[in-house]
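Quick look at the structure:
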């Protein structure tokens, strides 16, 4: 039995089309399906050509009749498009008293527009709405009055009233001899009035039966443990039918498809087209998924919206990063590497906000190889300057096209089929956006971009595909359709019948009185019963299924299918082959190559990374190799203000500047202008920091940071004041050193020379670190021990200066004849020799290329490492080897 045969009156519909009659469908999908069935019937009859059948949806047909009225030359109002109506409703809502208190005028206008449509379809009188309604209903009635007045004044006609206007002159129109209506669940009074007028004008009106004669004899109800396994079973059932060459159309109806679209697509692709997931093919061919995704989620359109959102003023760093990585710009392929490198440099600068006007200069100064991008940015800034003032939507549409053109969007490479269709949909969206200029008001650029983004987010886009053997549909989209093979999934007692959802702007009593859709649980039950009966009769042996659990909820079958014969999952024919995930998992047994040694370092090579070489090699040899030799580093994500590392850098700088001027403990204790010294040092630290970043800090922020640095430095000097006499001889001195054959650069924060000539190495720390991190064969923090081994002069101490608000003190090791609060006395000479041996071994391992995945403390070491996907530590025997230990 072919789709639409028997119960669904396919012969009646095809016969009507053969006679040249008009078939009006409830949905576009039903119209397309009927068109394909008609074409198949013509081919089966041996015809090579035939006249196109008259198959239209109800709104399309009403518009056609209105078009006849316009062609007749009568004085007629302008019919508003959907987005034009929305813009007008937003205008009305925003202008109303109390609109400032609305959280979301756009959503409010959308709901009011829907209430207006329902009121006309179901013949609700505005006076009755005012009398019977609450405050919301009265507000809607006021908006409706203003909306109608504006339409009257401007000569506009909204679509909710279009059928009524057509009906007024229906006797003067050229009507078909007969029309058949198919797939309609409800006939609102407005539609019935129109059909009555149509019949009175001599047109034969036939409403095809939508109720099936009875349930399929082979219907079964099957439970599954959870929704995912239910979907996979449905996909495997469809695959089994395809494998054995089952004739006819295969349908899978999924309740709540829109909310599960991506998961449904992935499951069906994994079963029906596993190779597509691996090869990255974007479009399925064996199944058609009726639910689209918002146009704004498709990469090409998302890139356009992102470009339009950029401004010459401040932009979030993430938006600039997206610009640099946007594949739809001119030169994106040619400058891909250079733009990625520029993105990394800008991230390292740490700017949370980046001015669009500064981008060409940044490209020139820091973006070697980004000449095309610099040219595009200059063109974009020119285009921005020409579109700064408020405009209407049609003016903004042209301006947006110019802005995208300045970027060379959508790029130079040929677009694939999906991208081309998305581009076509974007062009249509821009036209719809421009049309709202008729009813909307002038707006600033930000408002225009936000409106366009909302429109793109509201428009469901599904690329066109050729007729696929498996149709995956939502419950309502299956209206009027029939299949040789049908599976209906998701009919559990928590979702079907669905909840009532009356329009909040229409009085509930009036909605119930009229029997309007979704007005009450009783109405939803009636609707669900009708849909369920139809599904039961849509195929000879339909399969109904439901999950037994979803999250923590236990579920049973919907009471509407509880009477269907129960069947166990194993009774259902299903394809037994492996899914894409199973194929990948099964292929884990592969040839293993152990390669844990990198090429050794060259002689006399200077290794970047400084003392971090030893810290990373000690933590995990692979991480040291990957970060310091391969350059596999985590991309920075700038934060508002200054991150902890930048604040620590400023603390180092202010203390360096302070001691560069003071030089000695005696000066600290005797000079009366210490506050002035600290103030100058704070100014110098911030100035140097801003110079290195390439731009100043915001004035207010700089003032607060300057105040913080002054206070912290002054408090620290009080700690230094309590010590014995000393002289600071090396504030932040930079030099090269060598340990274990590794030559590296070091910069010691500070070296103090005591009265007896011995010296103390001091490292400022704003975080929490203790000398315990120095003590092991694989030390966590080898920086200070490394300084101690390369210093070359008699040492009295190796210290952390902890400079934290409320926690200011020295922590470290001093020689056994030195006393300093907070520091442990040890045989420092012996300690340094042990460190030298440990660090020489670690340096030698790095120089020789030791690079195995060997985290020192298992999961604890890996916790903040960004290279887990590169080293695949989770697949190594060492994963999780270490205990959590005690954090410092």
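Numbering (the numbering used here), first residue to last: 23 to 910.
Note that the Cβ used here is the ideal one computed from N, Cα and C, for glycine as well.
Computed from a predicted structure; not experimentally measured.
Of the residues assessed, residue 60 falls on the buried side of the cut-off, its CB having 16 or more other CB atoms within 10 angstroms. Sixteen is the threshold: since fewer than 16 other Cβ atoms of the shown chains lie within 10 Å of the Cβ of residue 717, the residue is exposed. Distance between residue 547 and residue 49, taken at the CA atoms: about 22 Å. For residue 809, the uninterrupted alpha helix (DSSP H) segment begins and ends at 805-812. From the listed residues 401, 193, 697 and 741, the smallest Cα separation to residue 728 is found for 697. With the rule of 3 Cβ pairs closer than 8 Å, the segment 168-182 does not count as touching the segment 193-205.
Inclusion of residue 271 and residue 505 in the CB contact set at 8 Å is warranted, their separation being smaller than that value. Taking all protein chains in view, the Cβ of residue 790 is surrounded by fewer than 16 other Cβ atoms within 10 Å, so the residue is classified as exposed. Annotation: residue 616 to residue 893 spans about 13 Å, alpha carbon to alpha carbon.
Counting along the chain, no alpha helix (DSSP H) covers residue 493; the unbroken beta strand (DSSP E) around it starts and ends at 492-495.
Per the coordinates, the alpha-carbon of residue 540 lies some 19 Å from the alpha-carbon of residue 154. Listed in chain order, the non-local C-beta contacts of residue 749 below 6 Å within the same chain comprise 686 and 775, local neighbours out to five positions each way being set aside.
DSSP, read as helix, strand or coil, puts residue 515 in coil. Around the beta carbon of residue 883, 16 or more other beta carbons lie within 10 angstroms, which makes this residue buried. By the criterion of at least three beta-carbon pairs nearer than 8 Å, the segment 616-635 is not in contact with the segment 265-279. Residue 337 counts as buried, since no fewer than 16 other beta carbons sit within 10 angstroms of its beta carbon. Residue 792 sits in coil when the DSSP states are folded into three classes, being neither helix nor strand. For residue 568, the uninterrupted beta strand (DSSP E) run begins and ends at 565-569, by DSSP. Here residue 719 is buried: its Cβ has 16 or more other Cβ atoms, across all protein chains shown, within 10 Å. Annotated three-state conformation of residue 230 is coil, per DSSP.
Less than 8 Å divides the Cβ of residue 317 from the Cβ of residue 481. By alpha-carbon distance to residue 266, the top candidate from 579, 596 and 846 is 596. The alpha helix (DSSP H) runs lying completely inside the segment 710-749 and spanning 4 residues or more are 721-743, given in chain order.
The criterion of a C-beta distance shorter than 8 Å is satisfied by residue 620 and residue 873.
The count of Cβ pairs closer than 8 Å, one atom from the segment 77-88 and one from the segment 41-55, reaches three, so the stretches are in contact. Cβ neighbours of residue 470 within its own chain (closer than 6 Å, five residues either side excluded): 418.
For the pair residue 699 and residue 684, the CB atoms are nearer than the 8 Å cut-off.
Secondary-structure assignment with DSSP links residue 819 through a beta bridge to 782 and 836.
Here the segment 180-200 makes contact with the segment 83-94; the two share three or more CB pairs at distances below 8 Å.
Here DSSP, grouped into helix, strand and coil, assigns residue 685 to coil. Across the set 380, 333 and 51, the C-alpha of 51 shows the shortest separation from the C-alpha of residue 312. Under a 10 Å Cβ-count criterion, residue 107 is classified as buried, with 16 or more other Cβ atoms of the shown protein chains found around its own Cβ. Using a C-beta cut-off of 8 Å, the segment 160-175 makes no contact with the segment 507-524, since fewer than three inter-stretch Cβ pairs fall below that distance.
Here residue 260 is not near residue 276, since their CB atoms are 8 Å or more apart. With respect to the 8 Å criterion, residue 426 and residue 437 are not classified as neighbours on the basis of their beta carbons. Listed in chain order, the non-local C-beta contacts of residue 344 below 6 Å within the same chain comprise 328, local neighbours out to five positions each way being set aside.
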